[in-house]
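Q:
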Amino acid sequence: MIDEYYKNFKVRDYMNEESLKSCLSSNIIDCSLGTNPFIEESMIKKYVSDCSSEINKYPSLEYELLKEELLKFWKKYLYDNMNKNNIAFGAGTMGILRNISEFLIQEGTKVLGIAPQFPRFISEVELKKGIYEYYSLEKKNNYKFIATDFMEKIDSTYSLISIENPNNPTGQIIDVNDIEKIVRKAKQYNIMVIVDEAYGDYMPLNNSSIKLVGKYDNIMVLRSASKFYGLPNHRIGYMFSSKEVVKIYNEIAIPFSFPDLSASIFRNVLKDYEKLEYTKLKTIEVNKKIYETLKKENYIHTSLETPIFTVKTNKYENLTKKLMKEGIITENCSYFINLDSTYARIRINKDYERLIKILSKIL
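In the working numbering, the protein residues as written are 408 to 770.
This is the structure:
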C-alpha cells in the first residue's frame, strides 16, 4: 500500500492553474517562469533547421558530441584532468536534482540550504524524507547573501549543502570566491555541495563554480539550457562533477533525458554563444530602467545581470493577484520560505516599458 506520508505529500511550487490559463491571454505580460525574453525567434528557428537528428536512433552519439562541445566551451576554466567523464545530463536542472536525491538523500539526511531559494529542491528533500534546514537571508540586510554568516551554520550534522547562483527568487549573484570558501569548509566535514547555476549563464563565465570542479571532489555544478539559451521546451540540463560522482549518477539516472534533436540544437547554440551576448546587455539595460523607476524599498537585493528580481509592498495582501489584475503574471512568493504573498518574483519581459508603468503605478 501507499505510505501515508506520500498520500499527504504536497509539492512546493509557485505555478498554478490560474496563472497558466492567464498566460494564454494576448493582453498579458508574462513575467513568470524564467527564460530569456530577448532572443529573437528567428535565431531559435535557425538552430532547429541547422541541427542534425536521426529520429529512429537513441541519442547516445549526440550526447557524446554535446559533451565535447561543452568541454570546448568551458576549456578556459577547466582543470587539465577534466574530460567527458566529468559531465552528466538530466531533464533540466530539476531532473538532475531528482537524480541526485536518489543517492545523496535518504530518511533523516540533513540538508543545508538558503531561504528563500527554489522551492522544488526542498520538495525533493522532503520527498526522500530528508530534513531541510536553511540560512535565512535577513530582511534587515535586504535579503543579501552573506557568506560568512552562511558558513557559521556548516557543521558535521549535514550531509549536503545546496546553493543557487544566481539565487532564485532574488536574482543576486554570489562571488565564486565565496562559493569556494563554502566548498572548502564543507570538505572538512565530508559534505557534498550542489551549486545550482540554472541562471548562471547571465553571470560572467569566470564566476561559474565549474572552475572549482577539478580542484574539489565534493562539488556538483548544475546548468540549464532553459533560461539564457531560451530552450525550456527541450529540458536540457547538464552537470559538472568529479568522475566518481558522475559514475554513480549515471548508474541511477534514467538514460536519455532529452532527445538527440535537443542535444544537436544546444550544440549549435553553444557555438553561437557570442551572438547571444547582446541579450545580456539588454537585460542590464532594462534592469537599470526598472530599478531607477522603483523605490529602493520596493525591491530586494539583486544583480543587474539577472533577468529575475523580487518586488515587495505592504499595500496589498496578495501582490501577485494585484499584478495579475493589472495584466502581469508573476510568481507568488508565498511558496518561498522566508517570504510571503506581499512579495512577487518578476522575470523581465520584452514589453518592459508597460511593465515599468504598471509597477510604478501600484507599488
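Note that the Cβ used here is the ideal one computed from N, Cα and C, for glycine as well.
Quick one: using the 10 Å Cβ neighbour count with 16 as the cut-off for buried, is Gly-537 buried or exposed?
A: buried
Q: Give a yes or no on contact between the region 614 to 623 and the region 557 to 566, applying the rule of three or more CB pairs nearer than 8 Å.
A: no
Q: With burial defined as no fewer than 16 other Cβ atoms inside 10 Å of the residue's Cβ, what is the status of Asn-721: buried or exposed?
A: exposed
Q: Give every residue of the same chain whose Cβ lies closer than 6 Å to the Cβ of Lys-551, excluding the five residues on either side of it in the sequence, and list them in chain order.
A: His-708
Q: Taking just the CA atoms, how far does Gln-524 sit from Thr-577?
A: 8 Å
Q: Within its chain, find whatever has a CB closer than 6 Å to the CB of Leu-431; leave out the 5 residues flanking it on each side and keep chain order.
A: Legend: pLDDT at Leu-431 = 49, less than 50; position of this residue unreliable, value from coordinates given subsequently. Excluding positions up to five away in sequence, the list is empty.
Q: According to DSSP, simplified to helix, strand and coil, what is Leu-701?
A: coil
Q: Anyone know if the C-beta pair for Phe-665 and Ala-498 falls short of 8 Å?
A: yes
Q: Expressed to the nearest angstrom, what Euclidean distance is found between the alpha-carbon atoms of Glu-684 and Asn-657?
A: 33 Å
Q: Below 7 Å CB to CB, which residues in the same chain sit around Ile-763 once its five sequence neighbours on both sides are set aside?
A: Only Lys-696, Ile-697, Thr-700 meet the Cβ criterion.
Q: Could you tell me if Gln-579 is buried or exposed, where buried requires 16 or more neighbouring beta carbons within 10 angstroms of its beta carbon?
A: Flag for Gln-579 reads buried.
Q: When you compare only the Cα positions, how much space is there between Ile-409 and Tyr-486?
A: Between the alpha carbons of Ile-409 and Tyr-486 lies a gap of roughly 47 Å.
Q: Taking the C-alpha atoms as reference points, what is the distance between Phe-510 and Ile-659?
A: 8 Å
Q: Can you grab the Cα-Cα spacing for the pair Thr-690 / Tyr-412, in whole Å?
A: 43 Å
Q: Excluding the 5 residues flanking Ser-710 on each side, which residues of the same chain have their C-beta closer than 7 Å to its C-beta?
A: Pro-573, Gly-578, Gln-579, Ile-580
Q: The alpha helix (DSSP H) spanning Arg-674 covers which residue range?
A: Note, Arg-674: alpha helix (DSSP H), 667 to 678.
Q: To which residues does DSSP link Gly-520 through a beta bridge?
A: Tyr-541
Q: Could you please give me the residues that DSSP links to Glu-738 through a beta bridge?
A: Arg-752
Q: Please list the segments of the beta strand (DSSP E) lying wholly inside the region 449 to 529, counting only runs of 3 or more residues, in order along the chain.
A: Entirely contained in the region 449 to 529, the beta strand (DSSP E) runs reaching 3 residues are, in chain order, 494 to 498, 517 to 522.
Q: Closer than 7 Å by C-beta to Arg-505: which residues in its own chain qualify, once you throw out the five before and the five after it? Chain order, please.
A: Here the set comprises Glu-531.
Q: Going by DSSP, what residues sit across from Leu-629 in a beta bridge?
A: Under DSSP, Leu-629 takes part in a beta bridge, and its partners are Asp-603, Met-646.
Q: Within 10 angstroms of the Cβ of Ser-649, are there 16 or more other Cβ atoms? Answer buried if so, exposed if not.
A: buried
Q: Look up Phe-557 in the DSSP assignment and say whether it is helix, strand or coil.
A: It is helical.
Q: Measuring CB atoms only, is the region 670 to 677 touching the region 629 to 645, in the sense that at least three cross pairs come out at less than 8 Å?
A: yes
Q: Measuring straight from C-alpha to C-alpha, what distance separates Glu-692 and Ile-643?
A: 28 Å
Q: Would you check if the distance between the CB atom of Ile-553 and the CB atom of Ala-593 is smaller than 8 Å?
A: no
Q: Per the DSSP calculation, Leu-567 is bridged to which residue(s)?
A: Val-518, Met-599
Q: Report whether the distance from the Cβ of Met-489 to the nearest heavy atom of the ligand NAP is below 7 Å.
A: Within the structure as shown, the ligand NAP is missing, as the structure has no ligands at all.
Q: Please state the DSSP three-state secondary structure of Asn-694.
A: helix
Q: How would you call Asn-739, buried or exposed, if buried means at least 16 neighbouring beta carbons within 10 angstroms?
A: Under this definition Asn-739 is a buried residue.
Q: Using alpha carbons as the reference points, say which of Arg-754, Arg-591, Ile-570, Val-676 lies closest to Ser-449.
A: Nearest in C-alpha terms to Ser-449, of all of Arg-754, Arg-591, Ile-570, Val-676, is Val-676.
Q: Output the boundary residues of the alpha helix (DSSP H) element that contains Thr-717.
A: Note, Thr-717: premise wrong, no alpha helix (DSSP H); beta strand (DSSP E) at 715 to 719.
Q: Can you tell me which residues form a DSSP beta bridge with Tyr-706?
A: DSSP, once it has assigned bridges, lists Val-718 as partnering Tyr-706.
Q: If you check the beta carbons only, do Ile-715 and Asn-575 fall under 8 Å apart?
A: yes
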